[in-house]
Amino acid sequence: MSATTAFPAEADSAPFGTTTGLRKGYEKHAVDAFLAHAREAFETDATALSSADVRGTAFPLVRHGYRIRDVDAALGRIEDAFAHREREQALADEGADAWVERSRTLAQEVLDRLSRERGHRFDRVGAMHYGYRVDEVDLVADKLARYLETGESLTVEQVRTVAFRMKRGGYREDQVDAVLDAMVEVLLAVG
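If you're matching positions, the sequence shown starts at 1 in the working numbering and goes up one per residue.
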(Lines of atoms letter the chains of each structure in order from A and count residues from 1; the text may use other names and numbers.)
(Lines give C-alpha, C1' and ligand atoms only; values in the text may rest on other atoms or scores of the structure.)
Protein backbone atom coordinates (compact mmCIF):
# COMPACT_ATOMS: atom_id res chain seq x y z
CA MET A 1 0.00 0.00 0.00
CA SER A 2 1.40 3.39 -0.89
CA ALA A 3 1.44 6.50 1.25
CA THR A 4 -0.84 8.24 -1.26
CA THR A 5 -3.64 5.72 -0.69
CA ALA A 6 -3.20 5.43 3.08
CA PHE A 7 -2.76 9.07 4.07
CA PRO A 8 -5.04 12.06 3.44
CA ALA A 9 -3.54 14.54 1.00
CA GLU A 10 -1.28 17.10 2.64
CA ALA A 11 -2.63 19.80 0.37
CA ASP A 12 -6.08 19.49 1.90
CA SER A 13 -6.66 22.40 4.23
CA ALA A 14 -9.25 20.28 6.03
CA PRO A 15 -8.76 16.60 5.18
CA PHE A 16 -11.86 15.63 7.19
CA GLY A 17 -15.32 16.97 7.78
CA THR A 18 -15.90 19.07 10.88
CA THR A 19 -18.55 18.50 13.52
CA THR A 20 -21.24 21.11 14.07
CA GLY A 21 -23.39 22.23 16.95
CA LEU A 22 -22.79 20.46 20.24
CA ARG A 23 -21.42 17.30 18.64
CA LYS A 24 -17.77 16.67 19.47
CA GLY A 25 -15.00 15.51 17.19
CA TYR A 26 -11.28 14.92 17.33
CA GLU A 27 -9.11 17.95 18.06
CA LYS A 28 -7.81 19.09 14.68
CA HIS A 29 -4.24 20.01 15.63
CA ALA A 30 -3.69 16.68 17.39
CA VAL A 31 -4.97 14.75 14.36
CA ASP A 32 -2.94 16.83 11.91
CA ALA A 33 0.24 16.42 13.98
CA PHE A 34 -0.22 12.66 14.23
CA LEU A 35 -0.90 12.32 10.51
CA ALA A 36 2.24 14.31 9.68
CA HIS A 37 4.29 12.11 12.04
CA ALA A 38 2.77 8.92 10.61
CA ARG A 39 3.36 10.02 7.02
CA GLU A 40 7.00 10.85 7.76
CA ALA A 41 7.54 7.52 9.55
CA PHE A 42 5.95 5.62 6.67
CA GLU A 43 7.79 7.45 3.90
CA THR A 44 11.19 7.23 5.58
CA ASP A 45 10.61 3.57 6.43
CA ALA A 46 11.36 4.43 10.06
CA THR A 47 10.50 1.96 12.78
CA ALA A 48 9.47 4.77 15.13
CA LEU A 49 5.80 3.95 14.51
CA SER A 50 4.04 0.61 14.19
CA SER A 51 0.58 -0.58 13.27
CA ALA A 52 -0.06 -1.14 16.99
CA ASP A 53 0.92 2.47 17.68
CA VAL A 54 -1.58 3.65 15.08
CA ARG A 55 -4.28 1.40 16.56
CA GLY A 56 -3.62 2.77 20.05
CA THR A 57 -3.75 6.41 19.06
CA ALA A 58 -6.33 8.59 20.80
CA PHE A 59 -7.24 12.24 20.34
CA PRO A 60 -8.97 14.76 22.61
CA LEU A 61 -12.65 15.36 21.87
CA VAL A 62 -13.69 18.96 21.24
CA ARG A 63 -16.55 20.88 19.66
CA HIS A 64 -15.98 21.66 15.98
CA GLY A 65 -13.37 18.93 15.69
CA TYR A 66 -12.82 16.48 12.86
CA ARG A 67 -15.62 13.94 12.43
CA ILE A 68 -14.66 10.83 14.36
CA ARG A 69 -15.88 8.36 11.73
CA ASP A 70 -13.79 10.04 9.00
CA VAL A 71 -10.60 10.09 11.07
CA ASP A 72 -11.09 6.52 12.29
CA ALA A 73 -11.51 5.31 8.69
CA ALA A 74 -8.25 7.05 7.74
CA LEU A 75 -6.49 5.57 10.77
CA GLY A 76 -7.67 2.12 9.68
CA ARG A 77 -6.09 2.60 6.26
CA ILE A 78 -2.88 3.88 7.84
CA GLU A 79 -2.77 0.93 10.24
CA ASP A 80 -3.28 -1.43 7.29
CA ALA A 81 -0.36 0.19 5.46
CA PHE A 82 1.97 -0.16 8.44
CA ALA A 83 0.81 -3.74 9.08
CA HIS A 84 1.43 -4.68 5.46
CA ARG A 85 4.95 -3.26 5.65
CA GLU A 86 5.60 -5.03 8.97
CA ARG A 87 4.39 -8.34 7.54
CA GLU A 88 6.62 -7.99 4.48
CA GLN A 89 9.62 -7.09 6.65
CA ALA A 90 9.00 -10.00 9.03
CA LEU A 91 8.66 -12.43 6.14
CA ALA A 92 11.96 -11.19 4.73
CA ASP A 93 13.75 -11.27 8.11
CA GLU A 94 12.26 -14.37 9.72
CA GLY A 95 10.79 -16.37 6.88
CA ALA A 96 7.24 -17.49 6.32
CA ASP A 97 7.34 -20.37 8.82
CA ALA A 98 8.30 -18.12 11.75
CA TRP A 99 5.70 -15.51 10.75
CA VAL A 100 2.95 -18.12 10.51
CA GLU A 101 3.94 -19.67 13.83
CA ARG A 102 3.92 -16.30 15.60
CA SER A 103 0.49 -15.47 14.15
CA ARG A 104 -0.82 -18.94 15.03
CA THR A 105 0.40 -18.56 18.63
CA LEU A 106 -1.33 -15.20 19.01
CA ALA A 107 -4.53 -16.58 17.49
CA GLN A 108 -4.43 -19.52 19.95
CA GLU A 109 -3.98 -17.16 22.91
CA VAL A 110 -7.04 -15.18 21.80
CA LEU A 111 -9.05 -18.36 21.25
CA ASP A 112 -8.09 -19.69 24.68
CA ARG A 113 -9.47 -16.52 26.28
CA LEU A 114 -12.63 -16.54 24.17
CA SER A 115 -13.28 -20.23 24.87
CA ARG A 116 -13.92 -19.55 28.54
CA GLU A 117 -17.44 -19.86 29.87
CA ARG A 118 -19.82 -17.05 28.90
CA GLY A 119 -19.93 -14.45 31.64
CA HIS A 120 -16.42 -15.40 32.81
CA ARG A 121 -14.22 -14.55 29.83
CA PHE A 122 -12.81 -11.39 31.42
CA ASP A 123 -12.44 -9.95 34.90
CA ARG A 124 -15.33 -7.83 36.15
CA VAL A 125 -15.18 -4.35 37.60
CA GLY A 126 -16.71 -3.80 41.05
CA ALA A 127 -20.46 -3.47 41.46
CA MET A 128 -20.17 0.32 41.76
CA HIS A 129 -18.03 0.73 38.64
CA TYR A 130 -18.90 0.63 34.97
CA GLY A 131 -17.49 -1.87 32.52
CA TYR A 132 -18.51 -3.30 29.17
CA ARG A 133 -21.86 -5.10 29.10
CA VAL A 134 -21.12 -8.78 29.57
CA ASP A 135 -23.84 -10.03 27.21
CA GLU A 136 -22.68 -7.78 24.35
CA VAL A 137 -19.02 -8.70 24.79
CA ASP A 138 -19.89 -12.39 24.92
CA LEU A 139 -21.82 -12.14 21.63
CA VAL A 140 -18.81 -10.56 19.93
CA ALA A 141 -16.47 -13.06 21.60
CA ASP A 142 -18.54 -15.92 20.19
CA LYS A 143 -18.22 -14.48 16.66
CA LEU A 144 -14.46 -14.01 17.05
CA ALA A 145 -14.09 -17.57 18.34
CA ARG A 146 -16.07 -18.93 15.38
CA TYR A 147 -13.73 -17.09 13.02
CA LEU A 148 -10.69 -18.63 14.72
CA GLU A 149 -12.20 -22.12 14.90
CA THR A 150 -14.03 -22.41 11.59
CA GLY A 151 -13.00 -19.44 9.46
CA GLU A 152 -16.46 -17.85 9.63
CA SER A 153 -16.43 -14.52 7.80
CA LEU A 154 -14.96 -11.61 9.78
CA THR A 155 -13.29 -8.39 8.69
CA VAL A 156 -10.78 -6.17 10.41
CA GLU A 157 -13.24 -3.30 10.14
CA GLN A 158 -15.90 -5.26 12.05
CA VAL A 159 -13.49 -5.72 14.94
CA ARG A 160 -12.18 -2.15 14.82
CA THR A 161 -15.64 -0.61 14.97
CA VAL A 162 -17.24 -2.81 17.62
CA ALA A 163 -18.66 -0.79 20.50
CA PHE A 164 -20.19 -1.89 23.78
CA ARG A 165 -22.56 -0.18 26.14
CA MET A 166 -21.53 0.26 29.74
CA LYS A 167 -23.04 -1.44 32.79
CA ARG A 168 -22.20 -1.61 36.46
CA GLY A 169 -20.23 -4.74 37.22
CA GLY A 170 -19.35 -5.29 33.56
CA TYR A 171 -16.21 -6.68 32.02
CA ARG A 172 -12.98 -4.71 32.48
CA GLU A 173 -12.51 -2.50 29.45
CA ASP A 174 -8.74 -2.87 29.26
CA GLN A 175 -8.89 -6.67 29.05
CA VAL A 176 -11.59 -6.67 26.38
CA ASP A 177 -9.77 -3.99 24.39
CA ALA A 178 -6.50 -5.94 24.57
CA VAL A 179 -8.19 -9.02 23.09
CA LEU A 180 -9.80 -6.92 20.35
CA ASP A 181 -6.39 -5.41 19.54
CA ALA A 182 -4.84 -8.89 19.38
CA MET A 183 -7.67 -10.01 17.10
CA VAL A 184 -7.00 -7.08 14.76
CA GLU A 185 -3.34 -8.10 14.73
CA VAL A 186 -4.29 -11.67 13.82
CA LEU A 187 -6.59 -10.49 11.02
CA LEU A 188 -3.93 -8.17 9.65
CA ALA A 189 -1.35 -10.95 9.82
CA VAL A 190 -3.41 -13.22 7.59
CA GLY A 191 -4.26 -10.12 5.52
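For glycine and all other residues, C-beta sits at the position ideal for the given N, C-alpha and C.
These numbers were taken from a predicted model, which means no experiment stands behind them.
Between L106, G56, E101, I68, which has its C-alpha nearest E79's C-alpha? In this structure, G56 is the residue among L106, G56, E101, I68 with its C-alpha nearest to the C-alpha of E79.
Near T182, which residues of its chain fall below 8 Å by C-beta distance, leaving aside the five closest residues on each side in sequence? The sequence given here has Ala at residue 182, not Thr. Apart from the 5 residues on each side of it in sequence, A182 sits with its Cβ closer than 8 Å to the Cβ of L106, E109, V110 in its chain, given in chain order.
Is there contact between the region 121-131 and the region 158-170, where contact requires at least three CB pairs shorter than 8 Å? Counting C-beta pairs with one atom in each stretch, the region 121-131 and the region 158-170 have three or more that are closer than 8 Å, which means they touch.
How do the region 17-30 and the region 52-68 stand: do at least 3 beta-carbon pairs fall below 8 Å, yes or no? Yes, the region 17-30 is in contact with the region 52-68.
Do V54 and L75 have their C-beta atoms within less than 8 Å of each other? Taking 8 Å as the Cβ cut-off, V54 and L75 qualify as a contacting pair.
Could you please give me the residues that DSSP links to M183 through a beta bridge? Here M183 is not bridged, per DSSP, to any residue.
Taking only three categories from DSSP, how would you classify T105? Shown here, T105 sits in a helix according to DSSP, grouped into three states.
Counting Cβ pairs, one atom from each stretch, are 3 or more of them under 8 Å apart for the region 44-52 and the region 93-104? Judged by Cβ distances under 8 Å, the region 44-52 makes no contact with the region 93-104, as fewer than three pairs qualify.
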